[in-house]
Amino acid sequence: MVRLARAVGTALLLSTPVIVLAVLVQERFAPIIDLDVQAIRDATDVTRRHDGFRTALIVWQEVWQPWRAYVAATVVCLWTWLAKGMKARSLWAFVTMMLGWNLFLQVKLLVQRARPVVDDPVSQAPGYSFPSGHAANTAAVCLTLTVLLWPLLRTRMERAVAVTLAAVVTVTVMLDRVFLGVHYPSDVTAGLLLAAALVYGSWRGFVRPSGDHAPGIPTDPTDPTGPSTEATTRPKRP
């Protein structure tokens, strides 16, 4: 219960910017609304002028459909569970991503922000706009898998590549949503922040605080063990 409370508390605290942004959006705070509308207008103008760019955006949109991302991520979780013996850590990753998938949808239904209205639409998408589901789910997958795989990345180069790849994928998906005109910049920003709050909060609940010497529970991302008996050290026989 202590770890659960720590996870929820951390996630809620880190979600404060998203909550503030959601309120400002609902109240139609002029500076944000004006910036969003102008950004969509400028971005879609660029996309219309370049057919190849538009095609690439649509392909990237389809590649990172949330269900596809989660299917691939689930395969990774199964691999780390079965092949690497990282049972608790793999379960943490899977549960975190599934919670995120549902959470992001619930926030959309709560805020109910309409999609951008463009005179000459580049692309169209169903549902509400805040936060961006593509951005939030992609960020959640990338962040969670980075933490999951961290103990397997033995060199600084491997870790740098993993972090860079996760960042590039997340940012390009965010830009994709704006240049296709289906999400405002504030939508994709909220998606990233909400995903980061969820993943970090979940991790804080998964690990033990420093100074707590409970067996089997990691204190940092480099420890592949988890809060279970799988990593408990057996006492030596006399």
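In my numbering, the protein residues as written are 1248 to 1485. Don't be surprised by glycine CBs; every beta carbon is placed ideally from N, CA and C.
Check your understanding: Can you tell which of 1348, 1367, 1288, 1397 has its C-alpha closest to the C-alpha of residue 1331?
Key -> Residue 1331 sits at position 84 when you count from the first residue of the sequence shown. It is 1397.
Point to revise | Beta-carbon separation (whole angstroms), residue 1207 vs residue 1327, contact threshold 8 Å | key: What the structure shows of the chain is the stretch from 1248 to 1485, and residue 1207 is not part of that stretch, so it cannot be assessed.
Check your understanding: So, residue 1380 versus residue 1442, is the Cβ gap smaller than 8 Å?
Key -> By one-based count along the sequence shown, residue 1380 stands at place 133. By one-based count along the sequence shown, residue 1442 stands at place 195. No, the pair does not count as a contact, with Cβ atoms beyond the cut-off.
Check your understanding: How is residue 1464 classed by DSSP in three states: helix, strand or coil?
Key -> As a first step, residue 1464 must be located in the sequence shown, where it is residue number 217. Annotation note: pLDDT 44 at residue 1464 (below 50); position unreliable, no value reported.
Exercise for review: Within the same chain, show all residues whose beta-carbon is closer than 7 Å to that of residue 1259, passing over the 5 residues directly before and after it, in chain order.
Suggested key: As a position in the sequence shown, residue 1259 is number 12, starting the count at 1. Closer than 7 Å at Cβ, skipping near neighbours: no residue.
Check your understanding: Taking residue 1433 as the reference, which of 1415, 1407, 1361 has the closest Cα?
Key -> The count along the sequence shown starts at 1 and reaches residue 1433 at position 186. Checking every option, the nearest Cα to that of residue 1433 belongs to 1361.
Review point. Which residue's Cα is closest to the Cα of residue 1350: 1387, 1373, 1334, 1323?
Key: Locating residue 1350 in the sequence shown gives position 103, where the first residue counts as 1. The shortest Cα separation from residue 1350 among 1387, 1373, 1334, 1323 belongs to 1387.
Practice item. From the DSSP output, in three-state form, read off residue 1402 for me. Key: Sequence index remark: in the sequence shown, residue 1402 carries index 155 (1-based). Coil.
Exercise for review: Under 6 Å Cβ to Cβ from residue 1341, same chain only, skipping five residues before and after it: list those, please.
Suggested key: Reading the sequence shown from its first residue, position 94 is the one you call residue 1341. Contacts found: 1324.
Practice item. Identify the continuous alpha helix (DSSP H) that holds residue 1274 and give its terminal residues. Key: For the purposes of this step, residue 1274 is taken as residue 27 along the sequence shown, with counting starting at 1. It is not in any alpha helix (DSSP H) - residue 1274 carries neither H nor E in the DSSP assignment.
Review point. With distances taken between CB atoms, is the gap from residue 1358 to residue 1269 smaller than 8 Å?
Key: As a working note, residue 1358 is residue 111 in the sequence shown. As a working note, residue 1269 is residue 22 in the sequence shown. Yes, the Cβ-Cβ distance between residue 1358 and residue 1269 is below 8 Å.
Check your understanding: Can you give the beta carbon distance from residue 1440 to residue 1264, rounded, assuming they're within the 8 Å contact cut?
Key -> In the sequence shown, the residue the question calls residue 1440 occupies position 193. In the sequence shown, the residue the question calls residue 1264 occupies position 17. Going by Cβ atoms, the distance from residue 1440 to residue 1264 rounds to 6 Å, so yes, they are a contact pair.
Point to revise | residue 1453 versus residue 1447 - alpha carbon distance | key: Counted from its first residue, the sequence shown places residue 1453 at position 206. Counted from its first residue, the sequence shown places residue 1447 at position 200. Roughly 10 Å separates the two Cα atoms.
Practice item. May I have the straight-line CA-CA distance separating residue 1373 from residue 1250, to the nearest angstrom? Key: Here the question's residue 1373 lines up with position 126 in the sequence shown. Here the question's residue 1250 lines up with position 3 in the sequence shown. Computed Cα separation, rounded: 37 Å.
Point to revise | Range covered by the alpha helix (DSSP H) that runs through residue 1371 | key: Walking along the sequence shown from the start, residue 1371 turns up at place 124. That residue, residue 1371, is in no alpha helix (DSSP H); it is neither H nor E in DSSP.
Point to revise | CA nearest to the CA of residue 1304, picked from 1316, 1314, 1315, 1291 | key: For this step, residue 1304 is matched to residue 57 along the sequence shown. When each option's Cα is compared against that of residue 1304, the closest is 1291.
Check your understanding: What are the start and end residues of each continuous alpha helix (DSSP H) run of 4 or more residues lying completely inside the region 1328 to 1394, in chain order?
Key -> 1334 to 1358
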